[in-house]
Amino acid sequence: MTRATVDVTEVAPGVHRMALPLGVHGLPSVSAYLLHDADGDVLVDCGIAAGGDDVAGGVDDDSCGALDAALRAAGGALGRVRRLVVTHAHVDHFGLAGEVVRRSGGELWMHEDSRLEIDGYRDPDEAVDRRELLLADHGLDGPDLARSAAGLRDWMTVMPSIGVPDRLLSGGERLPAGGRTWEVLHTPGHSPGHVCLWSAADRVLCSGDHLLQIASPPVTFERGFEPDPMGRYLDSLDLVAGLGPELVLPGHGPPFPDGARRARAIAGGKRRRLDRVYELVQDRQRVGPGTTVTELAAELVRGPLTAPQRHLVVAEILAHLAWFETRGVLGRARRADGVFLWRTTDR
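Numbering (our numbering), first residue to last: 12 to 358.
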């Protein structure tokens with residue numbers, strides 16, 4: 012096997028960041044955090060199945076190998092994890108949840124709105140079929156359609172078992188750990204059940220994928236989930252900006268300061284893309300009956316796309332269009348071939 016490496020750093024008193032290997036869809040690592048506590052540690056996110064270096068220098072070929080090595084380097088152990096808090100149910104943050112709970116005997120905490128995504132892992136064929144119908148509705152067809160819809164199956168090989176939450180969160184819960192009291196913030200948008208952990212005493216935010224410094228987190232539309240994920244994300248960014256985090260512990264990449272500034276920057280970028288999508292719909296409507304999502308994607312993203320990238324681009328454009336549709340600004344109608352055309356509602 013390829014020897015997995017882990018990077019462990021104490022990023023605040025009582026808090027260790029563990030950069031765990033991913034290597035799926037171009038993501039090099041995911042950041043999990045160990046919050047030390049006298050009666051058992053709290054782990055925030057857990058990564059995917061990957062081997063790791065043994066403390067004695069050998070290789071642990073176990074699915075929890077990289078995580079186990081990182082926990083020990085941080086002064087913890089799987090057996091000391093009394094609670095696993097997963098920020099959201101995307102596989103890179105959730106993949107080992109079932110194994111961590113089974114081996115540690117600890118509890119799994121997740122937001123109640125994570126259940127739809129977890130159900131997709133229990134029946135990936137149904138989830139892929141639902142995604143294929145969504146993409147076909149908006150202009151993908153042929154081999155591109157099948158490949159773009161099937162990305163979920165790529166992740167299933169790195170999830171040994173499916174975690175079942177012991178406690179479903181709604182936001183506002185308090186969690187003592189790492190010498191702090193953390194408040195659970197429901198921050199939907201990137202995922203319906205996304206949560207952050209907020210320590211008001213020292214203004215530290217464990218942000219999952221809600222705030223990233225290395226990228227603007229994707230906000231995507233998924234059939235059967237929420238009708239306006241972009242609107243909920245912008246509201247969540249406003250919430251976090253108002254708190255004024257001084258240190259952000261993100262789900263990918265190293266910690267960074269001034270979370271309010273980053274939240275405002277991400278929101279500004281999303282709003283500029285909203286404006287651009289609206290302009291493109293208007294432009295195409297001047298010369299025809301409307302536009303498809305795949306036509307918008309060709310305008311917004313130049314160059315070839317992999318199948319997972321194509322799905323992500325289409326799903327995020329749909330999140331922008333849903334923002335306008337929810338507010339009565341844009342609407343859609345089916346062409347004769349069944350594909351949706353988008354247009355302004357004032358025509």
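Even for Gly, the Cβ is constructed at its ideal location relative to N, Cα and C.
Bear in mind the structure is a predicted one, so any value in this text is a computation, not a measurement.
Review point. When the Cα atoms are used, what is the spatial distance from residue 341 to residue 91?
Key: So the two alpha carbons sit approximately 52 Å from each other.
According to the Cβ coordinates, are residue 74 and residue 119 closer than 8 Å?
No, they are not a contact pair.
Proximity below 8 Å, CB of residue 327 to CB of residue 199: Contact: no.
Going along the chain, which unbroken runs of the beta strand (DSSP E) with 3 or more residues stay wholly within the stretch 107-180?
If one requires a minimum length of 3 residues, the beta strand (DSSP E) runs lying completely within the stretch 107-180 are 118-122 and 178-180, in chain order.
What do you get for residue 137, buried or exposed, if any count of 16 or more other CB atoms within 10 angstroms of its CB means buried?
Flag for residue 137 reads exposed.
**Request:** Whole angstroms is fine: what's the gap from residue 213's alpha carbon to residue 257's?
**Result:** Their backbone Cα atoms lie some 8 Å apart in a straight line.
Between the Cα of residue 216 and the Cα atoms of 271, 241, 239 and 173, which residue gives the shortest distance? When each option's Cα is compared against that of residue 216, the closest is 271.
Item to complete: Below 8 Å CB to CB, which residues in the same chain sit around residue 180 once its five sequence neighbours on both sides are set aside?
Response: These residues qualify, in order along the chain: 120, 121, 122, 123, 195, 197 and 206.
If distances are taken between C-alpha atoms only, which option among 133, 155 and 255 comes closest to residue 164? Among 133, 155 and 255, the Cα nearest to that of residue 164 belongs to 133.
Exercise. Pick out whichever of 22, 357, 17 and 18 has its Cα sitting closest to the Cα of residue 189.
Key: Relative to the Cα of residue 189, the nearest Cα in the group 22, 357, 17 and 18 belongs to 22.
Item checked: Own chain residues within Cβ distance below 7 Å of residue 178, not counting five before or after -> If the five residues before and after residue 178 are omitted, its C-beta is found closer than 7 Å to the C-beta atoms of 118 and 120, all from its own chain and listed in chain order.
(message) My output table needs one value for residue 197: the three-state DSSP class, helix, strand or coil.
(response) DSSP, read as helix, strand or coil, puts residue 197 in strand.
Burial state of residue 297 (16 or more Cβ within 10 Å): Exposed, because fewer than 16 other Cβ atoms sit within 10 Å of the Cβ of residue 297.
Which residue from 60, 103 and 238 puts its Cα closest to that of residue 79?
Closest option to residue 79, judged by alpha-carbon separation, among 60, 103 and 238: 60.
Worksheet entry | Contact under 8 Å by Cβ, residue 56 with residue 77 | Contact: no.
The alpha helix (DSSP H) with residue 275 in it runs from where to where?
Here the alpha helix (DSSP H) through residue 275 covers 270-296.
* Could you say if the stretch 125-132 and the stretch 148-159 meet the contact criterion of at least three C-beta pairs nearer than 8 Å? => Touching, no, given that fewer than three Cβ pairs across the two stretches are closer than 8 Å.
**Asked** By Cβ distance, which residues of its chain are closer than 6 Å to residue 20, with the 5 residues on each side in sequence left out?
**Response** Exclusion of the five residues before and after residue 20 leaves 28 as the residues of its chain whose Cβ lies within less than 6 Å of its Cβ.
*asked:* For residue 39, count the other beta carbons within 10 Å of its own beta carbon; 16 or more makes it buried, fewer makes it exposed. Which is it?
replied: With fewer than 16 other Cβ atoms from the protein chains shown falling within 10 Å of its own Cβ, residue 39 counts as exposed.
Original post:
Within 10 angstroms of its Cβ, does residue 167 collect 16 or more other Cβ (buried), or is it exposed?
Top reply: Residue 167 comes out exposed.
| Excluding five sequence neighbours on each side, which residues of the same chain lie with their C-beta closer than 7 Å to the C-beta of residue 243? | Correct list, in chain order: 199, 200 and 237.
What is the DSSP secondary structure of residue 24, counted as helix, strand or coil?
Residue 24 falls in the coil class under three-state DSSP.
**Asked** How is residue 192 classed by DSSP in three states: helix, strand or coil?
**Response** For residue 192, the three-state secondary structure derived from DSSP is strand.
Checklist entry - Ordered along the chain, which non-local residues of its own chain (more than five positions away) have a Cβ less than 6 Å from that of residue 96? => result Within the same chain, and ignoring the five residues on either side of residue 96 in sequence, the residues whose Cβ sits closer than 6 Å to its Cβ are 55 and 120.
Please list, in chain order, all residues of the same chain as residue 354 whose beta carbon is under 8 Å from its beta carbon, the five residues on each side excluded. Leaving aside the five residues that flank residue 354 on each side, the residues in its chain whose CB is nearer than 8 Å to its CB run, in chain order, 292, 296, 300, 301, 302, 341, 342, 343 and 344.
Exercise. Going along the chain, which residues of its own chain have a beta-carbon closer than 7 Å to the beta-carbon of residue 284, five neighbours each way excluded?
Worked result: Within the same chain, residue 284 has close Cβ partners 331.
Return the Cβ separation of residue 86 and residue 318 in integer angstroms, given the expectation that the two are a contact with Cβ distance under 8 Å.
Between residue 318 and residue 86 the Cβ distance is about 41 Å, and since that is not below 8 Å, they are no contact.
**Asked** Quick one: Cα of residue 72 to Cα of residue 34, how far?
**Response** For residue 72, the predicted model reports a pLDDT of 48, less than 50, meaning its position is unreliable and no value from the coordinates is stated.
query = DSSP on residue 49, reduced to helix/strand/coil?
reply = Of the three classes helix, strand and coil, the one that applies to residue 49 here is coil, per DSSP.
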